[in-house]
Amino acid sequence: MNSPRDQELIQAGIDGELIPDERTALARLLEDSAEARTVDQELRALSDVLAGEPPPEFPQGLHQTLIDAAAGAIAPPLAPARKAPPADQPGWRSALLALRYVGAFAAGLLVTAVLYELGTPPPTEDFTGLAGSMLQVDALKTASVDGFELNFEAVTGHVNMRQGPTVLVVDFELDSAGPVEVTLSYGEEGLGFGGFAQVENELSNVQVVNGQIRLVNEGQHRFAIFFRDSGEEAARIALVFKADQELIHEQTLAAEQ
Amino acid sequence: MSNDRDAALVRECRRGDRGALETLVGLYEKRIFSAAYRLTGNPEDAKDVTQVVFLKVFEHLDQYDDRYKFFSWIYRITVNESINLINRRGRVENLDRPEAVDEIRDPETKGPLTTLDREQVSERIQQALMKMTPDHRAVIVLRHFAELNYRDMSEALKIPEKTVKSRLFEARRRLGELLNRSEIL
């Protein structure tokens, strides 16, 4: 068996990382040791196979999604008049959204006001740290229409759905020791993803893909997800909670037309 | 990959230059997607990881220390996010055990494939990668697909260069063994 030093020498030769002294040492090693030559051939064969691998196909629309996300992340100098994300464009839907830059609607009001309306009762009086979506004042006149409690080993808390003239809000207050994946399926019929807000900017991302919103909660978090609601038909949002890929709870929230 | 160029682009991005932002994204998007694909084994996951990586990079541009290489930094985030995503989904296919090798043989005949087209080769290479430990997979991806040298790999993985060399050697032997048994080598 070649020594670790010999192995590294052979490997460095293949990777073009030899210094002049090592070149001489490697040449000597390969000349003297059949085992070293075998290792050299095997590693070269592997490198050749991997070098022949074509790159994966780059997804259509991803470039623009990345540009938008990057521009949003450094938004103050780049895009002071940030426009609302085009929620109906497939490329945008799949964006992983930086929560504090998710604009819900074009005109804005501090999200502080949003969550003040949401809590039943609000868990804290201080929403100054909130970041996220913005809604017009009128849109905030919501009423609680559905909700449920969570009382499981993996997660506790409550979920409350509120409805306004053009908006649905699903308000979460969750406490989980480990990561709990929350998926909301809204089917995109009459509903459109409108934004996200949270008390603390701790949840790192929200995925919005083809009528599904997915996020992972770990610890205590208060957050809300906003939907634009055409009001043309009854709205149903199916929620699934999972921990370690195991289903904890599933329930559908509904709001009448 | 030129760090001087990248550092200049980062400075321009910090000043709010959208052109620099687009250039930087354009320079790295395919490389990051490719690395994420090799690390996660799934194009959708790779897409998610790529988005998170760029989001994090641009959110934390002010924390980037240009004494270090930009691409080492972005690859480090890519490796971490890919591994995090796999762990979060509980889909760690760390099947680095001898019997797992059989799974990459012909599913119908249970015997070795005799003729493989390019697509089959790619599929089996990716399957073999996914049977390795995340640490081994990461060094293979950074060396062979991202084409980082030992020093940059050390910076990206935050491990000593000596560890990079020994880990890379082990990973190559393991991958060679897997590909050999699946008739790729």
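Chains as they are written, first to last, in numbering that gives the first Met the number 0: chain V, 0 to 256; chain B, 0 to 184. Cβ atoms here follow ideal geometry from the backbone N, Cα and C, with glycine treated the same way.
#1: Considering only residues of the same chain and omitting the five flanking positions on each side of threonine 39 of chain B, which have a CB-CB separation below 7 Å?
#2: Span of the alpha helix (DSSP H) holding aspartate 151 of chain B?
#3: Could you give the uninterrupted runs of the beta strand (DSSP E) lying entirely in the stretch 164-237 of chain V, keeping only those of 3 residues or more?
#4: Under three-state DSSP, which class holds lysine 68 of chain B?
#5: If I'm right that lysine 68 of chain B touches aspartate 151 of chain B with Cβ under 8 Å, what's the distance once you round it to whole angstroms?
#6: First and last residue of the beta strand (DSSP E) that includes asparagine 159 of chain V?
#7: Applying a beta-carbon distance threshold of less than 8 Å, which residues of chain B neighbour histidine 62 of chain V?
#8: Could you tell me the distance, in whole angstroms, from the CA atom of glycine 118 of chain V to the CA atom of leucine 173 of chain V?
#9: Please compile the residues from chain B whose C-beta is within a distance smaller than 9 Å of the C-beta of arginine 18 of chain V.
#10: Could you check the C-alpha separation between tyrosine 186 of chain B and glutamine 125 of chain B for me, to the nearest Å?
#11: Excluding sequence positions up to five away, which residues of its chain have a Cβ less than 7 Å from the Cβ of leucine 167 of chain B?
#12: Output, in chain order, the set of chain B residues within a Cβ distance shorter than 8 Å of glutamine 206 of chain V.
#13: Can you tell me where the alpha helix (DSSP H) holding alanine 6 of chain B begins and where it ends?
#14: Just reading off the beta strand (DSSP E) that leucine 252 of chain V is part of, what are its end residues?
#15: What residues from chain B crowd round alanine 68 of chain V, counting only those whose CB sits closer than 7 Å?
#16: Give a yes or no on whether 7 Å exceeds the smallest Cβ distance from alanine 237 of chain V to chain B.
#17: In the DSSP assignment, what residue or residues form a beta bridge with serine 143 of chain V?
#18: Name the one or two DSSP bridge partners that valine 239 of chain V has.
#19: Anything in the stretch 120-145 of chain B with a Cβ closer than 8 Å to a Cβ of chain V? List those residues in chain order, please.
#20: Name the chain B residues that come within less than 9 Å of proline 58 of chain V, Cβ to Cβ?
In terms of the structure at hand:
#1: Correct list, in chain order: Ala45, Val48, Ser81, Leu84, Ile85.
#2: First-last of the alpha helix (DSSP H) with aspartate 151 of chain B: 149-156.
#3: Under the rule that a run must span 3 or more residues, the beta strand (DSSP E) segments found entirely inside the stretch 164-237 of chain V read 166-184, 190-197, 205-208, 211-228.
#4: For lysine 68 of chain B, the three-state secondary structure derived from DSSP is coil.
#5: Contact holds; Cβ gap of about 6 Å.
#6: From DSSP, the beta strand (DSSP E) with asparagine 159 of chain V extends over 155-162.
#7: Under the 8 Å cutoff, chain B gives Val24, Gly25, Glu28.
#8: Its pLDDT being 36, under 50, glycine 118 of chain V is placed unreliably by the model, and the measurement read from it follows with that caveat. Going from the Cα of glycine 118 of chain V to the Cα of leucine 173 of chain V covers about 13 Å.
#9: Strictly speaking, residue 18 of chain V in this sequence is isoleucine, with arginine absent from that position. Per Cβ cutoff of 9 Å: no residues; isoleucine 18 of chain V is ~12 Å from chain B at best.
#10: Outside the shown range of chain B, which is 0 to 184, sits residue 186 of chain B, and nothing can be said about it.
#11: A distance below 7 Å between beta-carbons, with the five flanking residues on each side excluded, links leucine 167 of chain B to the following residues of its chain, in chain order: Val138, Arg142.
#12: What glutamine 206 of chain V touches in chain B: Asp47.
#13: Judged by DSSP secondary structure, alanine 6 of chain B falls within the alpha helix (DSSP H) whose first and last residues are 2-13.
#14: Note, leucine 252 of chain V: beta strand (DSSP E), 245-254.
#15: Those within 7 Å of alanine 68 of chain V in chain B are Gln50, Phe53, Leu54.
#16: Using a CB distance cut-off of 7 Å, alanine 237 of chain V does not count as an interface residue toward chain B.
#17: For serine 143 of chain V, the beta-bridge partners assigned by DSSP are V/Arg161.
#18: In DSSP, valine 239 of chain V forms a bridge with V/Thr182, V/Glu249.
#19: Per Cβ criterion, the list reads Val120, Ser121, Ile124, Ile139, Arg142, His143, Phe144.
#20: Chain B residues near proline 58 of chain V: Phe32, Pro42, Glu43, Ala45, Lys46, Thr49.
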